[in-house]
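Comments concern the structure below.
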Amino acid sequence: MANYKLTREDIMSMSEYKRIRNERRQEIRAIKRDRRLSCGPDATFYFENYETMHHQVHEMLFIEKGGDSQ
């Protein structure tokens, strides 16, 4: 298993991310569906990977209107 780390170079500009956001959200939804594990009625484990973390960082920057300073 490869070990990937997010770096500053992995972050797209917000204008670039905005163009692909809707399509990317659909792709990530499918990826996340396969990474959930239900353990009874009260617990669910969710396993992150590079793709889901990459998406999460972009979503946070997009929603918070983050720029280079973030």
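Each residue of the sequence shown is one higher than the one before, counting from 10 in my numbering. Each residue gets a CB set at the ideal place from its N, CA and C atoms; glycine is no exception.
Could you compute how far the alpha carbon of residue i sits from the alpha carbon of residue j?
i, j, result
"residue 51", "residue 33", "30 Å"
"residue 40", "residue 59", "11 Å"
"residue 67", "residue 42", "19 Å"
"residue 26", "residue 13", "20 Å"
"residue 49", "residue 64", "28 Å"
"residue 22", "residue 71", "9 Å"
"residue 46", "residue 75", "32 Å"
"residue 16", "residue 24", "19 Å"
Can you give the beta carbon distance from residue i to residue j, rounded, assuming they're within the 8 Å contact cut?
i, j, result
"residue 61", "residue 37", "6 Å"
Less than 8 Å between C-beta atoms, sequence neighbours within five positions excluded: which residues of the same chain meet that for residue i?
i, result
"residue 44", "55, 56, 57, 58, 61"
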